[in-house]
Structure formats: C-alpha cells, structure tokens
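Trainee: Under numbering that gives the first Met the number 0, read the sequence shown as residues 0 to 100, first letter to last. What follows is a structure written as structure tokens; I'll ask about it next.
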Amino acid sequence: MSHKHNKQDKNSYEFKMSIKKELISTFIGKDQLLNIKTKYKVDITILKPRENNNDWTIYVIGKKNRVKSAEIELIDRYNKICKIIINIIKSNNSKQEVEND
C-alpha cells in the first residue's frame, strides 16, 4: 500500500493497494467498490496483473481527506475478507483433525 500526491494536480492524492488474484472478485463485490467511489467522491481504478505478478492493483485518487476515508474502508474490507478466510481454514483443519481421530 502506498500514498502519494498526484504530480499533475497538487490537490489530488493517490492511494494504491495490491490484491491477490484469488481475492479480487470478493474484494470488488457486487456494488461495494462502486458504493465506496460514490460515497467518498473518489476515482477508483482497478488494473489487471502484469506479467510475473498475480496481484491486481487498486488505485484511489481524489482529495486527500476523501482518499484517506476511502482507504480506511478499503483496508477494513480487505481485513474482514482475510479474517473470514482464516476462520474457514481453521474450521476445515478442525474438521480434518476430528475425522482423523
């Protein structure tokens, strides 16, 4: 994840985060990114992975305070998805241990 000022527009601010290809469709959701874009009035661009890289890149561009607010919500969304996946893995591991006993 990174932040920087847009060189073309001094009032514009950019946030960038990478998402693994296995998580991108869940991360984008049905309307979630569109809702974040509308809610904070920022531009969100999603770039496909390049060669030798499986990560999708999410760019959020807009005024600094709006980008920061969108950033918080995006990171929270990502953390929730990861937590759910971890819980599923733990649950599956517990089931396998019970079956092996």
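Using N, Cα and C, we set each Cβ at its ideal position, and we do this for glycine too. Owing to the predicted nature of the structure, the values given are computational and were not obtained by experimental measurement.
With DSSP as the reference, label Asp30 as helix, strand or coil.
Mentor: Three-state DSSP puts Asp30 in coil, outside helix and strand.
Trainee: Beta-carbon within less than 6 angstroms of Glu70's beta-carbon, same chain only, minus the 5 sequence neighbours each way: which residues are those?
Mentor: So the list reads Phe14, once near-sequence residues are dropped.
Trainee: Assuming the contact rule is C-beta atoms closer than 8 angstroms, Glu72 and Ile23 should be a hit. Round their C-beta distance to whole Å, please.
Mentor: Going by Cβ atoms, the distance from Glu72 to Ile23 rounds to 17 angstroms, so no, they are not a contact pair.
Trainee: Could you tell me whether the stretch 41-53 touches the stretch 75-94, where touching means 3 or more Cβ pairs closer than 8 angstroms?
Mentor: Flag = no, the stretch 41-53 and the stretch 75-94 do not touch.
Trainee: At the level of alpha carbons, what is the spacing between Lys63 and Ser93?
Mentor: If I take the Cα positions, the gap works out to 45 angstroms.
Trainee: Quick check on this structure: which residue in Gln95, Met16 and Thr25 has the alpha carbon closest to the alpha carbon of Thr44?
Mentor: It is Met16 whose Cα lies nearest to the Cα of Thr44.
Trainee: Looking at the unbroken beta strand (DSSP E) that takes in Leu46, where does it start and where does it end?
Mentor: Run containing Leu46: Asp42 to Leu46, per the beta strand (DSSP E) assignment.
Trainee: In the structure shown, what three-state DSSP assignment does Glu72 receive?
Mentor: Three-state result, Glu72: helix.
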